[in-house]
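Asks: Sequential numbering from 162 applies to the sequence shown in the working numbering.
Glycine is no exception: its CB is placed at the ideal position from the N, C-alpha and C atoms.
As the structure is a prediction and not an experimental result, all values here were calculated from the model.
Starting off with a structure, shown below.
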Amino acid sequence: MFIAQELRKKSIAEYLLYMWQMEDLIRAYGCSLARIRREYIDRFDYTDEQKDEETDWFGNLIRMMNEEGRRQEGHLQINKIIVKDLADLHNRLMLSGKFPFYNAEYYKVLPFIVELRNKGDKEVNEIENCLDALYGVMLLRLQQKPVSDETESAIKEITTFIGMLSDYYIKDRTEGLNFGDE
Numbered sequence: 162m163f164i165a166q167e168l169r170k171k172s173i174a175e176y177l178l179y180m181w182q183m184e185d186l187i188r189a190y191g192c193s194l195a196r197i198r199r200e201y202i203d204r205f206d207y208t209d210e211q212k213d214e215e216t217d218w219f220g221n222l223i224r225m226m227n228e229e230g231r232r233q234e235g236h237l238q239i240n241k242i243i244v245k246d247l248a249d250l251h252n253r254l255m256l257s258g259k260f261p262f263y264n265a266e267y268y269k270v271l272p273f274i275v276e277l278r279n280k281g282d283k284e285v286n287e288i289e290n291c292l293d294a295l296y297g298v299m300l301l302r303l304q305q306k307p308v309s310d311e312t313e314s315a316i317k318e319i320t321t322f323i324g325m326l327s328d329y330y331i332k333d334r335t336e337g338l339n340f341g342d343e
């Protein structure tokens, strides 16, 4: 919860990847709040009050996963909404003539996006394809599995692109962006 709160303020993309990781962590612990408290939360150097808050947060995530039928796979609706918001913002940025650097970065990663869409789920939007790629490589690194030079190169470009989108998301939420259509 504490990490999620900080990431949400700093980078919505990092927040989403973290939340996806928490969904997987909950599944790894069999959706058991008692196990998460005992085997995960208690390892942190938190006060008892902070541990209770973190436990409540995980309890709410578990409840949502149960209610939404996400115990085995998939993402919570709260996370899907953020992905949709990012995709909507992406479309607005692309349609506006006021963000040439963003447009240029998009066209730089477009070949990678096309490749991802050909290999993966064509039903999800391009932004989710990019986030899936980032998450997949993050998991490979956590497992200390090799990542090819070609994939590293693609991930570097996708990271820059998603980072720009994430920055625009935060700026749009805090200050508002001028798309030139007002």
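#1: Alpha carbon to alpha carbon, what distance is there between ASP310 and ARG253?
#2: Give a yes or no on whether the C-beta atoms belonging to SER327 and SER172 are separated by under 8 Å.
#3: Which one of LYS306, ALA265, ARG198 and ALA315 has the shortest CA to CA distance from ILE223?
#4: If you follow the alpha helix (DSSP H) that GLY297 is in, where does it begin and where does it stop?
#5: Does the pairing of the region 198-213 with the region 263-278 give three or more beta-carbon distances under 8 Å?
#6: Can you list, in chain order, the residues of its chain whose CB lies under 6 Å from that of TYR263, leaving out five sequence neighbours each side?
#7: What did DSSP end up calling LEU250 once you bin it into helix, strand or coil?
#8: Taking the beta carbon of VAL244 as the centre, do at least 16 other beta carbons fall within 10 Å, making it buried, or is it exposed?
#9: Return the residue from the list PRO307, GLY235 and ALA294 that minimises the CA-CA distance to GLU184.
#10: Assuming ALA319 and CYS291 are in contact, meaning their beta carbons sit under 8 Å apart, how far apart are those beta carbons, in whole angstroms?
#11: Distance check for GLY281 and ALA294, CA to CA, integer angstroms please.
#12: Measure the beta-carbon distance from GLY341 to GLY258 and round it to whole angstroms, keeping in mind my assumption that it falls under 8 Å.
#13: Could you name the residues of the same chain whose beta carbon sits closer than 6 Å to that of MET180, not counting the 5 residues immediately before and after it, in chain order?
#14: Check this for me: beta carbons of LEU250 and TYR329, under 8 Å apart or not?
Replies: Quick look at the numbers:
#1: Taking the first residue of the sequence shown as position 1, residue 253 is located at position 92. Taking the first residue of the sequence shown as position 1, residue 310 is located at position 149. Distance between the alpha carbons of ARG253 and ASP310: 33 Å.
#2: In the sequence shown, the residue the question calls residue 327 occupies position 166. In the sequence shown, the residue the question calls residue 172 occupies position 11. Yes, Cβ-Cβ distance for SER327 and SER172 is below 8 Å.
#3: Here residue 223 refers to the residue found at position 62 of the sequence shown. Checked all of LYS306, ALA265, ARG198 and ALA315; the closest Cα to ILE223 is ARG198.
#4: Translated into positions along the sequence shown, residue 297 becomes position 136. Residues 287-303.
#5: Proximity of the region 198-213 to the region 263-278 falls short of the contact definition, fewer than three beta-carbon pairs being nearer than 8 Å.
#6: The residue you call residue 263 lines up with position 102 of the sequence shown. Excluding sequence neighbours, TYR263 sits near LEU254 and MET325.
#7: Here residue 250 is taken as the residue at index 89 of the sequence shown, counted from 1. In the structure shown, LEU250 adopts helical secondary structure according to DSSP, grouped into three states.
#8: As a working mapping, residue 244 is identified with position 83 in the sequence shown. Residue environment: VAL244 is assigned as buried (16 or more neighbouring CB atoms within 10 Å of its CB, all protein chains considered).
#9: Walking along the sequence shown from the start, residue 184 turns up at place 23. Nearest to GLU184 by alpha-carbon distance, out of PRO307, GLY235 and ALA294, is GLY235.
#10: Residue 319 sits at position 158 when you count from the first residue of the sequence shown. Residue 291 sits at position 130 when you count from the first residue of the sequence shown. Reading the sequence as shown, one finds Ile at residue 319 and not Ala. About 5 Å separates the two Cβ atoms, so the contact holds.
#11: To locate residue 294, count along the sequence shown from 1; it is residue 133. To locate residue 281, count along the sequence shown from 1; it is residue 120. The straight-line gap from Cα to Cα measures roughly 10 Å.
#12: Stepping through the sequence shown from its first residue, residue 341 is reached at position 180. Stepping through the sequence shown from its first residue, residue 258 is reached at position 97. So it is a contact: roughly 6 Å between Cβ atoms.
#13: As a working mapping, residue 180 is identified with position 19 in the sequence shown. If the five residues before and after MET180 are omitted, its C-beta is found closer than 6 Å to the C-beta atoms of ASN240, all from its own chain and listed in chain order.
#14: Here residue 250 corresponds to residue number 89 of the sequence shown, with the count starting at 1. Here residue 329 corresponds to residue number 168 of the sequence shown, with the count starting at 1. One thing to note: LEU250 has its Cβ within 8 Å of the Cβ of TYR329.
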